[in-house]
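Enquirer:
4 protein chains.
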Amino acid sequence: MNHPLSEEKVFKDPVHNYVHVQDDLIWSLINTPEFQRLRRIRQLGTSYLTFHGAEHSRFSHSLGVYEITRRIISQFERSSYTDWPPEEKQVALCAALLHDLGHGPFSHSIEEAFHMNHEDWTCKIVLGDTEVNKVLRREGEDFPEKVASVIRKDYDKAIVVNLVSSPLDADRMDYLLRDAYFTGVNYGTIDIDRILRMLRPFQGRVVVKESGMHAVEDYLMSRYQMYWQVYFHPVTRSSEIILRQIFRRAKELHQEGFHFNFLPDPLPGLFNRDLTVEEYLLLDEALVQTSFVQWRREEDGLLADLCSRFIDRKLYKYTELEMLDMEIIDEIRRVFRELGLDPNYDLEIDFPTDLPYDVFRPEDDSKKKQILLLDRQDRLREISEVSDIVRSISGIHRGKYHMYYPEDKLRAVVHMLPKDIADLFNL
Amino acid sequence: MNHPLSEEKVFKDPVHNYVHVQDDLIWSLINTPEFQRLRRIRQLGTSYLTFHGAEHSRFSHSLGVYEITRRIISQFERSSYTDWPPEEKQVALCAALLHDLGHGPFSHSIEEAFHMNHEDWTCKIVLGDTEVNKVLRREGEDFPEKVASVIRKDYDKAIVVNLVSSPLDADRMDYLLRDAYFTGVNYGTIDIDRILRMLRPFQGRVVVKESGMHAVEDYLMSRYQMYWQVYFHPVTRSSEIILRQIFRRAKELHQEGFHFNFLPDPLPGLFNRDLTVEEYLLLDEALVQTSFVQWRREEDGLLADLCSRFIDRKLYKYTELEMLDMEIIDEIRRVFRELGLDPNYDLEIDFPTDLPYDVFRPEDDSKKKQILLLDRQDRLREISEVSDIVRSISGIHRGKYHMYYPEDKLRAVVHMLPKDIADLFNL
Amino acid sequence: MNHPLSEEKVFKDPVHNYVHVQDDLIWSLINTPEFQRLRRIRQLGTSYLTFHGAEHSRFSHSLGVYEITRRIISQFERSSYTDWPPEEKQVALCAALLHDLGHGPFSHSIEEAFHMNHEDWTCKIVLGDTEVNKVLRREGEDFPEKVASVIRKDYDKAIVVNLVSSPLDADRMDYLLRDAYFTGVNYGTIDIDRILRMLRPFQGRVVVKESGMHAVEDYLMSRYQMYWQVYFHPVTRSSEIILRQIFRRAKELHQEGFHFNFLPDPLPGLFNRDLTVEEYLLLDEALVQTSFVQWRREEDGLLADLCSRFIDRKLYKYTELEMLDMEIIDEIRRVFRELGLDPNYDLEIDFPTDLPYDVFRPEDDSKKKQILLLDRQDRLREISEVSDIVRSISGIHRGKYHMYYPEDKLRAVVHMLPKDIADLFNL
Amino acid sequence: MNHPLSEEKVFKDPVHNYVHVQDDLIWSLINTPEFQRLRRIRQLGTSYLTFHGAEHSRFSHSLGVYEITRRIISQFERSSYTDWPPEEKQVALCAALLHDLGHGPFSHSIEEAFHMNHEDWTCKIVLGDTEVNKVLRREGEDFPEKVASVIRKDYDKAIVVNLVSSPLDADRMDYLLRDAYFTGVNYGTIDIDRILRMLRPFQGRVVVKESGMHAVEDYLMSRYQMYWQVYFHPVTRSSEIILRQIFRRAKELHQEGFHFNFLPDPLPGLFNRDLTVEEYLLLDEALVQTSFVQWRREEDGLLADLCSRFIDRKLYKYTELEMLDMEIIDEIRRVFRELGLDPNYDLEIDFPTDLPYDVFRPEDDSKKKQILLLDRQDRLREISEVSDIVRSISGIHRGKYHMYYPEDKLRAVVHMLPKDIADLFNL
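Chain order of the listed sequences is A, B, C and D.
Going letter by letter, the first sequence gives residues 28 to 454 in my numbering.
Going letter by letter, the second sequence gives residues 28 to 454 in my numbering.
Going letter by letter, the third sequence gives residues 28 to 454 in my numbering.
Going letter by letter, the fourth sequence gives residues 28 to 454 in my numbering.
(1) Between which two residues does the beta strand (DSSP E) holding residue 193/B run?
(2) For residue 322/D, tell me which candidate among 336/D, 311/D, 309/D has the shortest Cα-Cα distance.
(3) Give the secondary structure of residue 113/B by DSSP, where H, G and I count as helix, E and B as strand, and everything else as coil.
(4) Please give the ranges of any beta strand (DSSP E) in the segment 62 to 96 of chain A, keeping only runs that are unbroken, at least 3 residues long and fully inside the region.
(5) Got a sec, what are the start and stop residues for the alpha helix (DSSP H) residue 33/A sits in?
(6) Taking any Cβ of chain F, which residues in the segment 217 to 234 of chain C have a Cβ under 7 Å from it, in chain order?
(7) Consult DSSP for residue 377/B and reduce its assignment to one of helix, strand or coil.
(8) With three or more C-beta pairs closer than 8 Å as the rule, is the segment 83 to 93 of chain B touching the segment 73 to 82 of chain A?
(9) What are the residues that DSSP puts in a beta bridge with residue 229/A?
(10) Report the rounded CA-to-CA distance for residue 159/A versus residue 225/D, giving the unit in angstroms.
(11) Among the residues of its own chain, which have a CB less than 8 Å from the CB of residue 382/A, if the five just before and after it don't count?
(12) Among the residues of its own chain, which have a CB less than 8 Å from the CB of residue 153/A, if the five just before and after it don't count?
(13) Put residue 440/A into one of helix, strand or coil per three-state DSSP.
(14) For residue 275/A, collect the residues of the same chain with a Cβ closer than 7 Å to its Cβ; drop the 5 residues on either side in sequence, then sort them by chain order.
(15) What is the C-beta distance between residue 378/C and residue 370/C, in whole angstroms, given that I count them as a contact (C-beta under 8 Å)?
(16) Which whole-angstrom value is the C-beta distance of residue 248/B and residue 420/B, which I expect to be below 8 Å?
(17) So with CB distances below 7 Å, who are the chain A contacts of residue 321/B?
(18) Opposite residue 50/C in the DSSP bridges: which residues?
(19) Does any residue of chain C bring its CB to less than 9 Å from the CB of residue 45/A?
(20) Can you give me the start and stop residues for the alpha helix (DSSP H) that residue 317/A sits inside?
(21) How close, in whole Å, do the beta carbons of residue 456/A and residue 155/A come, if the pair is a contact with beta carbons under 8 Å?
(22) How would you write the range of the beta strand (DSSP E) that residue 344/D sits in, first residue to last?
(23) Note down, one range per segment and in chain order, each beta strand (DSSP E) of at least 3 residues found wholly within the segment 220 to 293 of chain C.
(24) Using the beta-carbon count (16 or more within 10 Å), is residue 384/B buried or exposed?
(25) Assuming residue 109/C and residue 190/C are in contact, meaning their beta carbons sit under 8 Å apart, how far apart are those beta carbons, in whole angstroms?
(26) Quick one: give me the first and last residue of the alpha helix (DSSP H) that residue 329/D is part of.
(27) Would you decide whether residue 387/C is buried or exposed? Buried here means 16 or more other CB atoms lie within 10 Å of its CB.
(28) Between residue 386/B and chain C, is the shortest Cβ-Cβ distance under 9 Å, so that the two count as touching?
(29) By alpha-carbon positions, which one of 106/B, 169/B, 89/B ends up nearest to residue 118/B?
(30) How is the alpha helix (DSSP H) around residue 208/B delimited, first residue to last?
(31) Using a Cβ-Cβ distance under 9 Å, would residue 187/A count as near chain C?
(32) Are the Cβ atoms of residue 497/A and residue 209/B separated by less than 9 Å?
(33) Can you tell me where the alpha helix (DSSP H) holding residue 307/B begins and where it ends?
(34) Looking at the C-beta of residue 78/A, does it have a partner C-beta in chain B at a distance below 9 Å?
(35) Just how far apart, CA to CA, sit residue 340/B and residue 199/A?
(36) So with CB distances below 7 Å, who are the chain B contacts of residue 309/A?
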């Protein structure tokens, strides 16, 4: 059911120029405290320490995902495609807008440190005692559950799930454009107008007209470059490592009964993995940054040092490993311990593809993760069957092992380091 | 004295593409905790509540100002202009980089609320017991004082002051471009390459070659539009009003001995107007946001309400006043009090030109604030003598009085409001 | 009557990204020889001699005007505004597409030299025995006349005329953006999305919602800058002067019975001012350039010299006059004659505002040329009543008198020139 | 020897913002009639019939190549790299500026039709009795020969040749950016600043610092996309086919003694393959277009028809061939002849990679055509050894056979076409 606003509202957006809000439901959702919280969560986590422009929030990204979804559906409606169920517009728009609602501060790191999952939290917020839930229930008592099930990917209208979550969905298109814009890296420029014009609802999926193949190739190549230039940037990885170490150390200290000078709600609950929805919503990146600023002055030297490194950007250095030889790693750890270093904090091995980002790999997945091309005879083909370039990209694993370490601490003991180990660290 | 880096370092910047660092001094300054703190201060304060892209920091702006200054000096050096003193390069670059170092969180509002001045703090940080000061002293014991005096505008080489602070300085050029980029408003696009190419050092000033007049006109017109479209946007003004009210209320409560559940350092010192440099450096926007998030749960209803308004973006509405009639205002205040509203918090009169931004007005100022054109016969003329469009702009005062108020509170008593007053508020 | 294409066609356009063609009528018009001829007419005439990127054609501009008109009407239809007559869509789109059809090569100069008018020719082509006419008649026998009358501005539905021809019409918006893009001058950037969103059909006119005032101000300021930076650029003026001199000289020679080695159809008819529509359509800028290339080798020294100047870009120099003193001009002409120069060709006085471009001047014109703002109470106000900046701009006359001359010829006689005259020419 | 201009001159350029001319030699070369002729030769030949923005000239491209070369050399000089011979600056800049001087109208097609080579003509113009030659000789009698030998790639300083002509040269970088800009296709966006910063002179070659690998990958991927999206676009291929047919038919007619109503110099010489340099310089695209406009009225029906097709853009349609089966082609030709069609004109088989563009293929070529990466230990490696993505791209042959034909002529005889053949043409 639509409740059009008396007058369309717009948000000025550097990426899409304007985000158009035409329905009171969307407007009300944007104005809930839960959605406004996304202003205090960065879209790219710690990347701002590598690319100083990357301060953009999940709030702006969420508006962008909503806007792209709106444009796709609007094109489907204009063209009266019979495979698009028009009554699903509202649930699709709401799911697009709200899909990131459960992200915590520095999402990937905090999820790893505290074994959480942002999708679960999104559903809890949508279904819990929140403003967002109240607004959604105006559409019907079962409406929050519908939105949640799109987000959980088990909604019974598969095309709605496909629209909001697929290798060529509004989410990925927005973040590619947005992250390119705010980092200033120009690899992410894609011809979104052309891609959108080429999308078709077809038998419960969103597919691409065959003549749009080159635009999709370009999109996948842009994504490929953004992964290696931005998302897996070693400096960003270094800051994420320190972030996780801080979380780990703070949790250890808390469990050991350490007295923090600064430990506001809901941090104790976070450490105990016992958070209500209300408490969870108090978590944001301002709180995390403030804690780290304050913890630079805590008595625990390790915690204070790690927080200084993060806040004052004295990150770990890294060195590339030709291969991952566990014997060598064990030897390094042993030497570290001998020299008074702590191998649990002073050494981290990192392999970027561990990250929960997905590069498109047609072979290892079910049909849902494929991009399908629709030819003039209404036949579907998976894009890598048709495109040499996509086939070439999809087989490539470029990740390399890196070893991260505090250079100052190693330099202090460099004269005691065996030469072969010193060489590994370029000391 | 130059200490070139073994290899030039660059920062990827969306506005200037790359920021180039060629000297170890600059590199070391960027890596001090005091400079890194600027990552946690937004360039545009509360504007992100109006333009969601405007999350960019003073860190990125400061790099931009440095980069523009570097390019100007580099052009001066390449052309071997005799009016440029080459030995002043380092002091000019350092002053450009550090000129915003003393900004606090939501600078304009906090300065007004606590009677501080960011320029004073910049000088205190430059001259105090800080990392920045240590790095600067590598250039000589008097070097910090030199940099501070450029920032205070009393350095004895006037041209250095003029380069860093004038109506056409690197500061203004960077923020115009940067704010336009991050808000997405395209009024700020200026031909900076052309302007830079037209600048000349001349008799202790930076002046503009006459043939660059149109580019300067365009710059001033862009600035004019940015003021009205962005800097004075009524929604931004509303958020600044609430911000100042929060600061005011918190200070009142603190002075009354109210017990805050959340009041970390250095907030008590801030309320008492008694901050050391070390404490001041703990202040940033993450702390302010976190405090407001927490204060939403404090016992004082007014404080909690104001903090909710700011954090959850339930701002005051506004209405335009045809003229400022103090009798009417007094009457409104009286009625407010009768109805249980608090005119000190529920009503604010605002006139945008009160803001500490300067629109170029040649007539009301000394020569230092003028833009001078240099003709082929080496004669100087103030630009508004030559340019009709500048003359036209400079006389215009467009500010209007606005009345800001909490719409929900007024709606609750609307049946008791005299009709003429209700009309004023469009109720 | 609409005849939708089975599938929308698009043109890739650097300015609007895509131009969308949805109706067979528009598609057929674009594919007529008369419309394709516009590929061989530059949008900015001789400006490519000043700005080497400005080679864009009236073909691309016409597509752009069509596209903007299509977007405006589409917004009117989406919003179901009652003041827009939906049955006028086709005539409006055709008039928008075809409004420049009658432009000749280097339009402004050739019109002046041969007393022609491109609007007349547009109507002749629309109404004559042409492919365009045949396509238009598919819509009805009176349809070509309807389109012609919109172009002549006497169509009985005033709003259609207003849409296609007004101070804020699709024509001006497209050329501002397009000329800025192709010259590379960034003064022409306007927020066209916002302007289009603010347009309303209202009582037989297209007006602007009051809240769009700043966007219109910006548009008018951009236009102002483009006039002075691009359209009135003295180097372009110089090339136009030489162009007119070539036309003048060739016509003189033709009337004197001179034998041209190169004089293909329809040049004789052009010189005799006796051209059929069929002949007129043979005229394009390729023909004019080819003629000039060939005429560099004609026996008449003056014609050959002028053609070399144009083709090889050896343009006249210019000097600015403080004021226009006819006594001085007459004295110069006398001296020129004495020294064997030809004052009819070796001296031209130019005053840019003579050009048939219009700067917005609210005071000197009927209501049709005004930009009207619509406030919330449905009152209309002329923009300069409300906007200080528009009022400021509209009064400004910046044109200056320039004297153009062949520098080489003057240098050859410089020793015989009286000093005061030599000074005027900076010799 | 440098002769700096008293004041730097600039050209406003949409791609590089400004092209800077600092030396009188370059300025004088730009102002020769031979260089100005490049204004009348389009950079992308007939592509404007597919992408209406692509009217940009070889004049603008040549300035761009010069500008990029200037920036590379300027970086080499600033960094005082010992492998760059500073005395070669002028010859490198001149070769960069002039490398396209010998291009004729619609270069690739005319070269094929008349067995010419633009590089030969460039050298003839540089060495012949021309203005360009006169200007070059100011630098020394042997200077024109030096420039010519760089263009012929046999100059004895290999690094100069490498700078002007290699897989990562200024030529390719400019055309990628420029063609993307003017067509509006955004696949060509590359981070040229970064690539330029990564170039190093090294042992007689220009190589790339290893850390620039991703930027080079992106450049090669952009090029790959531009080839398939723009350079090999089937509509452009169709217009080139017609162009070659016109040249072929006109030459046939001329050799048969046909009387042309329009046949100005130097067309007879062109048909006889007997052109002096002076005559060659009369050739440009204005002449070719004018000839075609006029020839639409010649008595030979075939010539007139072909010219109409080109000028009025009634191009041949095309159909894709699964494979090239000469038996089928011969059968089609036989049927065509039976039905009164002319298989020499009404049927063309096309395979895009025949075009003289090079896609980077490391395996099939000498070291000169390789892109080499320089690592920290000063070792060189060919990029496809290091980059998976480059290795993937370089093996891909995407070309497909197309059959081009006049659809109207085939439709006229469709009832007599055997069904299997009609099917091939989608009739």
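Ideal Cβ positions, reconstructed from N, Cα and C, are used throughout, including at glycine.
Expert: Quick answer:
(1) Where residue 193/B is concerned, there is no enclosing beta strand (DSSP E), given that its DSSP letter is neither H nor E.
(2) 336/D
(3) helix
(4) Listed in chain order, there is nothing to give.
(5) Element bounds for residue 33/A: not the alpha helix (DSSP H) but the beta strand (DSSP E), 31 to 40.
(6) Annotation note: the requested chain F is absent from the structure, which comprises protein chains A, B, C and D.
(7) Residue 377/B: strand per DSSP, three-state reduction.
(8) Judged by pairs of C-beta atoms under 8 Å, the segment 73 to 82 of chain A touches the segment 83 to 93 of chain B, as three or more such pairs exist.
(9) 232/A
(10) Taking the straight line from one Cα to the other gives about 51 Å.
(11) Annotation note: pLDDT 34 at residue 382/A (below 50); position unreliable, no value reported.
(12) 125, 128, 159, 160, 163, 171, 174, 175, 178
(13) coil
(14) 140
(15) Not a contact, Cβ separation roughly 18 Å.
(16) With 8 Å as the limit, residue 248/B and residue 420/B qualify as a contact, their Cβ atoms being about 7 Å apart.
(17) Correct list: 291.
(18) 31/C
(19) yes
(20) Taken as a continuous stretch (DSSP letters only), the alpha helix (DSSP H) holding residue 317/A covers 312 to 322.
(21) The structure shown has nothing for residue 456/A, since chain A only spans 28 to 454.
(22) 344 to 347
(23) 226 to 229, 232 to 236
(24) Low per-residue confidence applies at residue 384/B: pLDDT is 32, beneath 50, and the placement is therefore not dependable enough to give any value.
(25) Actually they do not touch by this definition, with Cβ atoms about 16 Å apart.
(26) 328 to 338 is the span of the alpha helix (DSSP H), which, as asked, contains residue 329/D.
(27) Annotation note: pLDDT 48 at residue 387/C (below 50); position unreliable, no value reported.
(28) Interpretation of residue 386/B is limited by its pLDDT of 43, a score under 50 that renders its predicted location unreliable; the figure taken from the coordinates is listed afterwards. For residue 386/B, not one C-beta of chain C is nearer than 9 Å to its own C-beta.
(29) 169/B
(30) That run of the alpha helix (DSSP H) goes 197 to 210.
(31) no
(32) Outside the shown range of chain A, which is 28 to 454, sits residue 497/A, and nothing can be said about it.
(33) 304 to 307
(34) yes
(35) 28 Å
(36) 320
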